[in-house]
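Visitor: First residue of the sequence shown? That's 1 in the UniProt record's numbering, and the numbers climb one at a time after it.
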Amino acid sequence: MRDIFGDKRFLVNTRQKKGEEYEVVDDSREHWWQVKNKFGEIGYIPSNYVEEKSPGGLRQHNWYVGDMSRQRCEVLLKRENKEGSFVVRNSSSKGMFTLSLFTRVSQPHVKHYHIKTNAKGEFYLSEKHAFPSVEDLIYYHKHNSAGLATRLKQTPNCQITCIPTTAGLSHDKWEIDASELTLLEELGSGQFGVVRKGKWRGHIDVAVKMMKEGTMSEDDFIDEAKVMTKLQHSHLVQLYGVCTKHRLICIVTEYMKHGSLLKYLRKNETRLSTKTSVLLDMCIQVCSGMAYLEQQNYIHRDLAARNCLVGEGSVVKVADFGLARYVIDDEYTSSGGAKFPIKWAPPEVLGYTRFSSKSDVWAYGVLMWEIFTCGKVPYGRATNAEVVEQVQRGQRLDVPRACPWEVYVVMKSCWEELPENRPPFRALKYELEKILEEWDIS
1 MRDIFGDKRF LVNTRQKKGE EYEVVDDSRE HWWQVKNKFG EIGYIPSNYV
51 EEKSPGGLRQ HNWYVGDMSR QRCEVLLKRE NKEGSFVVRN SSSKGMFTLS
101 LFTRVSQPHV KHYHIKTNAK GEFYLSEKHA FPSVEDLIYY HKHNSAGLAT
151 RLKQTPNCQI TCIPTTAGLS HDKWEIDASE LTLLEELGSG QFGVVRKGKW
201 RGHIDVAVKM MKEGTMSEDD FIDEAKVMTK LQHSHLVQLY GVCTKHRLIC
251 IVTEYMKHGS LLKYLRKNET RLSTKTSVLL DMCIQVCSGM AYLEQQNYIH
301 RDLAARNCLV GEGSVVKVAD FGLARYVIDD EYTSSGGAKF PIKWAPPEVL
351 GYTRFSSKSD VWAYGVLMWE IFTCGKVPYG RATNAEVVEQ VQRGQRLDVP
401 RACPWEVYVV MKSCWEELPE NRPPFRALKY ELEKILEEWD IS
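1) Using CA coordinates, which residue listed in 71, 57, 37 is at the minimum distance from residue 276?
2) On the DSSP bridge assignment, give the partners of residue 210 in chain order.
3) Buried or exposed: where does residue 341 fall if 16 or more other Cβ atoms within 10 Å of its Cβ makes it buried?
4) Could you please give me the residues that DSSP links to residue 241 through a beta bridge?
5) Do you know how far the Cα of residue 80 is from the Cα of residue 106?
6) Leaving out five residues before and five after residue 430 in sequence, what residues of the same chain have Cβ atoms less than 8 Å from its Cβ?
7) Going straight from the alpha carbon of residue 374 to that of residue 124, what length do you get?
8) Got a sec? Which residues, its chain only, sit under 7 Å from residue 292 by beta carbon, not counting five neighbours each side?
9) DSSP three-state call for residue 166: helix, strand or coil?
10) Can you give me the Cβ contacts of residue 74 inside the same chain, cut-off strictly under 6 Å, excluding the 5 residues immediately before and after it?
11) Using the beta-carbon count (16 or more within 10 Å), is residue 369 buried or exposed?
12) Expressed to the nearest angstrom, what Euclidean distance is found between the alpha-carbon atoms of residue 207 and residue 300?
13) What distance in whole Å lies between the Cβ atoms of residue 87 and residue 150, which are believed to be in contact at a cut-off of 8 Å?
14) Going by alpha carbons, who is nearest to residue 419 out of 239, 402, 353?
15) Any idea if residue 203 is buried or exposed, counting beta-carbon neighbours within 10 angstroms, 16 or more meaning buried?
16) Which term fits residue 387, buried or exposed, when burial requires 16 or more other beta carbons within 10 angstroms of its beta carbon?
17) Hey, would you say residue 146 sits closer than 9 Å to residue 133, going by beta carbons?
18) Below 8 Å on the Cβ atoms is my contact criterion, and I expect residue 239 with residue 303 to pass it. Report the Cβ-Cβ distance as a whole number of Å.
19) Based on the DSSP output, what are the partners of residue 429 in its beta bridges?
20) Going along the chain, which residues of its own chain have a beta-carbon closer than 6 Å to the beta-carbon of residue 58, five neighbours each way excluded?
21) The alpha helix (DSSP H) spanning residue 372 covers which residue range?
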């Protein structure tokens, strides 16, 4: 059995025409399905590159962008810079949609409109003009502004809506042959090793983390890598696989153009510090990835801005999930031998090294603080011992200058003393999305 797409299998989206059909032969595996194409060839395809054929599905339309965040929609539409350019995305309210529209009226900006439903189940932007489907509503407003800033004219060039990442680089493959990797420029380095940009089979951009000898508990990590390659979400940096046949272990992941969120925040502080909606959207993107890990019963253990990455179109993804357990380094080790970064750790980790999704929630609150301070160090110049004392005394990080109070209330809820009193990530995501929608919906 071979992959239908041969050496180009990862780039299936660039070779497919939108609407091309496949017959699913076997969908028993979560991430790679066996399918038959129109020529009768059978092979494997990433399951997130296709969807069930549906006459009423919105995905067939270029203007529908699914779960794309509000901030990424704004980046997309502003980059297009054309009057009446628009997209429709999923709203934070389940089953509802939001129209995002670029206009130059008064000044270039993006307006966001809830698509509402009436008692008959019809969709409308203005109650006087209700329609049986979202498609009919869009068709009408292409010809009539009817209360909008301008009529709908065109969809943007969706180059920014990246090809979805796949779980691994091919069906059932997590061990990557080093001979298939071409190493390019260095992206960064640290106590664990060097990260370099690379190409897999000459055409797929990847990041290659080359671990120094003695920095990793290798056998345990290799077992874990098999599990980690199967974790797949639009706001998780995809682990494609590992190279273990050489002296140095190499971790191969999705490539993220703008590097670490921490460096990105510090580099762009002047531009970002007044853009609260942009900062909040970053928080929501991270929360979305963490809600998925929570759902999968997977604990990150080292969530912080330094361990999130920024890609094309301001997309933010969580990286290095689960890695802290396998790293051997003094900065992550307490006197009892447990590995964790003190300034992101809750009381139960500081005292008893009890990790859970709720300890990740505490760290997420600190990450929110990092975002709204554009990369400041939590607790300033306080030593680790002083931080432990402050946290155990009930002291918490102060509200950042750029942070609205309603966001700080959510942030502070992550720092409840008892783990069971902290909200789950899915609840945090809902609250933050609600705040963002309320800020700028017309």
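Yeah, the Cβ is synthetic: ideal placement off N, Cα and C, and Gly gets one too.
Guide: Taking the geometry as given:
1) Checking every option, the nearest Cα to that of residue 276 belongs to 71.
2) Bridge partners of residue 210: 194, 250.
3) Sixteen is the threshold: when 16 or more other Cβ atoms of the shown chains lie within 10 Å of the Cβ of residue 341, as they do, the residue is buried.
4) According to DSSP, which records beta bridges pairwise, residue 241 is partnered with 252.
5) The straight-line gap from Cα to Cα measures roughly 18 Å.
6) By the criterion of a C-beta distance shorter than 8 Å, residue 430 is surrounded in its chain by 92, once the five residues flanking it on both sides are discounted.
7) Between the alpha carbons of residue 374 and residue 124 lies a distance of about 39 Å.
8) Cβ within range, chain order: 233, 236.
9) Only weak support is given to the placement of residue 166: the predicted model assigns it a pLDDT of 44, under 50, and the value that follows is read from those uncertain coordinates. Of the three classes helix, strand and coil, the one that applies to residue 166 here is coil, per DSSP.
10) Correct list, in chain order: 110.
11) Answer is buried; the Cβ neighbour count reaches 16.
12) For residue 207 and residue 300, the distance between alpha carbons rounds to 20 Å.
13) Between residue 87 and residue 150 the Cβ distance is about 14 Å, and since that is not below 8 Å, they are no contact.
14) Among 239, 402, 353, the Cα nearest to that of residue 419 is on 353.
15) Exposed.
16) Counting Cβ neighbours within 10 Å, residue 387 comes out buried, since at least 16 surround it.
17) No, the pair does not count as a contact, with Cβ atoms beyond the cut-off.
18) That belief does not hold up - the Cβ atoms of residue 239 and residue 303 are roughly 16 Å apart, past 8 Å.
19) DSSP output for residue 429 lists no bridge partner at all.
20) Closer than 6 Å at the Cβ level, and outside the excluded window around residue 58, lie 64.
21) Residue 372 -> alpha helix (DSSP H) spans 357 to 372.
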